[in-house]
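Residue numbers (our numbering): 207 to 235.
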């Protein structure tokens, strides 16, 4: 995997985690 693909994958993973966290806060809050 090249660097650009690795960076893109990391960004996607972080975004997914943030969205999941926001959903949990929305439901719990």
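In this text, a Cβ means the ideal position worked out from N, Cα and C, and glycines have one as well.
- In the structure shown, the three-state DSSP call for residue 223 is helix.
- DSSP, read as helix, strand or coil, puts residue 207 in coil.
- If the five residues before and after residue 219 are omitted, its C-beta is found closer than 8 Å to no C-beta atom of its own chain.
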